[in-house]
Amino acid sequence: MKLPKNGCKMNSLEKGKEIFKRKSKLCSNSPGVYQVFDERNKIIYVGKAKNLPNRLSNYASSSTQPIRTERMIASTIRIDTISTLNESEALLLEANLIKKNKPRYNVLLKDDKSFPYIQIRSSHDFPQITKFRGKHNDKDIYFGPFASIASANWTIKMLQKVFQLRVCDDNTFKGRSRPCILYQIKRCSGPCTNEISKVDYAETVKECTNFLNGKSRDIQKKLSHQMEKQSEKLNYEKAAILRDRIKSLTYIQSSQNIQKNNLKDADLIVSFRKENVTCIVIFFYRSKQNWGSQYFYPKHDYEDSDEHILKSFLMQFYENKEPPPEIVLNLCPENENLIKSALEKKFNKKISLKILPKNSMVKNAVKNAEEQLQLKIISHEKNNSLLLSLGERFKLNFTPSLIEVYDNSHNQGDSNIGALIAFGKDGFIKNRYRKFNIKSKNIKSNDDYGMLSEVIERRFSKIHSLSDENAPDLLLIDGGKGQYSVVRNKLNDLGFHDLKIIAISKGKERNKGNEKFITDEETIQLEKNDPVLFLMQRIRDEAHRFAITTHRKKKNKNMFKSPLEEIDGIGSKRKKALLSHFGSAKAIEGASLDDIKSVEGINESSAIKIYNFFHKKKNIL
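Numbering (my numbering), first residue to last: 1 to 621.
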């Protein structure tokens with residue numbers, strides 16, 4: 001049977017069209033969302049429709065579909081529909097389902113994440129200033145988003161110099177008997193030991209909030225006036241402190257590009273496309289302050305229009321982030337009015353979408369996107385060339401497109417970690433990095449082979465075959481012949497006989513450049529100036545870095561783990577109540593049974609359990 005251009009048998013395409021046709025006759029005549037499933041019961045496409053029957057029947061009746069759409073139809077086994085009250089609700093649900101399921105035929109926002117905010121914990125008598133990620137509550141004050149953790153940390157550091165708000169957590173705050181070093185270097189006003197009154201501290205918090213809301217000039221005038229008064233009173237030390245605060249305030253303003261022409265509260269989002277790769281850059285402006293930018297490269301197909309890509313980006317990006325009152329764009333997205341009404345409905349606020357391609361700030365943002373995209377294309381081409389050479393050097397008979405690298409990290413059997421990183425044509429693929437906490441109790445300390453065997457089994461037991469889109473086409477293992485044999489045998493047991501493996505051994509001298517590469521057929525040593533050797537070293541070193549940092553995080557977490565976490569039946573609420581009442585786990589350990597009973601939320605049986613846990617522990621010691 002002759003195959004069409006899309007590589008699918010014609011009867012599969014016709015069968016898929018028949019499924020769409022049947023479903024169009026069964027679903028309600030309303031707006032909604034449809035989910036397309038393949039033979040593995042995996043969602044491969046999510047779409048929204050103003051009228052579900054009309055949209056589904058269009059797939060069945062149209063004779064001129066893009067090749068990608070034909071592939072999707074040919075892979076269809078089942079279609080589920082969800083009716084909504086209106087098209088805006090359908091658009092929001094579509095974005096939610098796409099982010100959750102990442103269907104292969106949708107435009108996908110890659111490397112999405114929650115952005116950091118600055119949080120002022122106004123629910124406390126002496127509010128703490130800290131960075132925050134997660135769901136916001138109504139009690140505290142939030143500013144952001146910031147483009148990166150580094151940007152948020154830098155801003156907090158500068159705000160400490162100006163407003164001297166505390167950054168320590170509540171337990172540290174309660175436990176202090178004298179001010180810490182931050183008080184000595186004028187980064188904190190020392191509320192923990194009453195170096196500042198509650199009223200004065202509240203005034204400082206208000207000033208900090210006003211500054212973050214854009215009222216920086218008023219604060220600067222106030223500080224200047226206070227400095228002059230202290231100078232007149234010959235209090236030169238206090239005047240010098242105020243002078244330094246004014247300097248820090250000026251530095252923040254200049255570093256965050258606070259200008260009259262800046263957008264007040266807006267996200268500036270522009271899209272630039274070249275060689276079928278799209279770069280979308282977003283600049284965050286709050287209170288006329290530039291809080292940084294982020295670049296995104298949505299996954300899309302050749303047939304997808306720029307307007308469709310931008311629409312998909314906006315809905316997925318704001319699926320879990322509240323937009324500012326204004327969104328400024330360089331081109332009009334598909335369904336502009338629908339996007340506006342959907343976001344307004346979700347966040348219960350007025351939102352303006354402005355298309356300003358000739359605006360100087362928009363033009364500058366487009367230039368940034370163009371330059372960033374050019375760098376990515378050059379990097380992509382370089383990686384392509386290196387991967388091609390890698391395939392030739394190791395006689396793979398193919399060019400690898402997705403490499404997974406495995407490494408272990410442990411310390412005398414403590415906090416054992418297995419690490420996985422991924423590398424492809426776009427470089428390191430951070431959202432595919434994985435850590436594996438070693439679970440098997442049969443694995444002894446320093447058992448590198450046992451750890452590697454468990455990690456490989458857990459990873460590949462979730463893959464059906466090497467044709468799975470989630471499957472790598474090459475494995476790199478940090479180790480020698482022993483590690484190679486363990487992985488080869490485990491993969492063979494799981495049915496992955498054809499998956500290629502390369503083990504990277506440092507050799508006897510363990511010097512960089514003397515690496516030996518173990519494959520199915522032979523052991524290879526590359527020339528010291530070979531670019532492929534540098535690539536393999538770079539990939540191996542990244543896996544090593546990820547394994548070590550992950551191991552350290554786990555070790556530190558275990559080191560500072562509260563003993564309360566070891567008590568069965570004591571959840572986060574009771575633990576919080578105990579720590580709030582006593583201040584520390586050590587204080588709970590020394591408390592009487594009656595003291596523990598007096599804590600709100602702790603009943604008699606829980607109090608006995610807590611008391612016995614600490615006293616049995618003492619008896620064992």
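Beta carbons: idealized from backbone N, C-alpha and C, even for Gly.
Sheet register partners of residue i (DSSP bridge)
i      : result
Ser352 : Glu326
Cys279 : Phe272
Arg78  : Phe37
Asp478 : Ile504
Glu404 : Ala422 and Leu475
Phe284 : Asp267
Tyr45  : Val36
Ser409 : Ile417
Phe517 : Ile504 and Ile524
Leu108 : Lys299
Closest Cα partner of residue i within the set the options
i      : options                           : result
Lys288 : Glu275, Asp265 and Tyr295         : Asp265
Ile118 : Ser88, Tyr201, Gly590 and Trp154  : Trp154
Gly482 : Ile518, Lys425, Arg432 and Ala152 : Ile518
Pro31  : Asn41, Lys17, Ile19 and Gly47     : Gly47
Gln537 : Ala49, Ile351 and Leu386          : Leu386
Phe614 : Trp291, Ala577, Asp568 and Phe272 : Asp568
Asp306 : Glu39, Phe296, Val328 and Cys332  : Cys332
Lys425 : Glu542, Ile438 and Thr399         : Thr399
Ile351 : Thr172, His136 and Pro324         : Pro324
Lys21  : Lys50, Tyr59, Val36 and Glu39     : Tyr59
Ile501 : Phe582, Arg176, Leu526 and Gly391 : Gly391
Lys15  : Val33, Ala49, Ser61 and Gln35     : Ser61
Glu89  : Gly134, Ala239, Glu344 and Ser197 : Glu344
Glu334 : His308, Glu322, Ile355 and Lys346 : His308
Glu371 : Trp291, Arg273 and Leu466         : Arg273
Arg68  : Asp407, Tyr45, Val167 and Leu314  : Tyr45
Leu182 : Lys430, Leu535 and Phe163         : Phe163
Alpha carbon of residue i to alpha carbon of residue j, nearest angstrom
i      : j      : result
Lys9   : Ser440 : Here the model assigns Lys9 a pLDDT of 44, short of 50, so the residue's position is not dependable and the matter cannot be decided.
Lys528 : Arg540 : 16 angstroms
Asn257 : Lys222 : Because the pLDDT of Asn257 is 49, which lies under 50, any placement of that residue in the model is unreliable, and the number read from its coordinates should be weighed accordingly. Their backbone Cα atoms lie some 22 angstroms apart in a straight line.
Leu499 : Ile477 : 13 angstroms
Glu600 : Ser592 : 15 angstroms
Phe132 : Ile149 : 9 angstroms
Leu52  : Lys299 : 26 angstroms
Lys638 : Phe317 : Nothing can be reported for residue 638: it is not among the residues displayed for the chain, which extend from 1 to 621.
Phe496 : Arg458 : 14 angstroms
Lys139 : Gly418 : 40 angstroms
Thr550 : Arg104 : 30 angstroms
Asn194 : Asn320 : 40 angstroms
Ile622 : Gln65  : Here the chain has residues from 1 to 621 only, and residue 622 is not among them.
Gly450 : Asp493 : 15 angstroms
Ile463 : Glu454 : 15 angstroms
Glu94  : Ser605 : 48 angstroms
Ile129 : Tyr433 : 31 angstroms
Asn622 : Glu203 : Residue 622 lies beyond the stretch modelled for the chain, which goes from 1 to 621, so this question has no answer here.
Lys229 : Ile246 : 15 angstroms
Leu92  : Arg55  : 18 angstroms
Ser341 : Ser83  : 18 angstroms
Lys435 : Ala422 : 12 angstroms
Ser598 : Asn210 : 41 angstroms
Ser63  : Lys17  : 10 angstroms
Val362 : Leu353 : 14 angstroms
Phe560 : Asn137 : The predicted position of Phe560 is uncertain, since its pLDDT is 48 and thus under 50; no value can be drawn from it.
Ile98  : Tyr34  : 11 angstroms
Leu338 : Asn348 : 15 angstroms
8 angstroms contact criterion, which residue i and residue j should meet: CB distance rounded
i      : j      : result
Leu165 : Pro127 : 7 angstroms
Ile19  : Thr76  : 5 angstroms
Val405 : Asn330 : The Cβ separation is near 38 angstroms, so there is no contact.
Arg78  : Phe143 : Incorrect: roughly 46 angstroms between the Cβ atoms, too far for contact.
Any non-hydrogen atom of the ligand ADP within 7 angstroms of residue i CB
i      : result
Ser401 : The ligand ADP is absent from the structure shown, which contains no ligands of any kind.
Exercise. Considering only residues of the segment 111–165, which uninterrupted beta strand (DSSP E) runs meet the minimum length of 3 residues and lie entirely inside it, listed in chain order?
Worked result: 117–120, 129–132 and 141–143
Problem set entry | Continuous beta strand (DSSP E) assignments of at least 3 residues falling wholly in the segment 432–463 | 434–437
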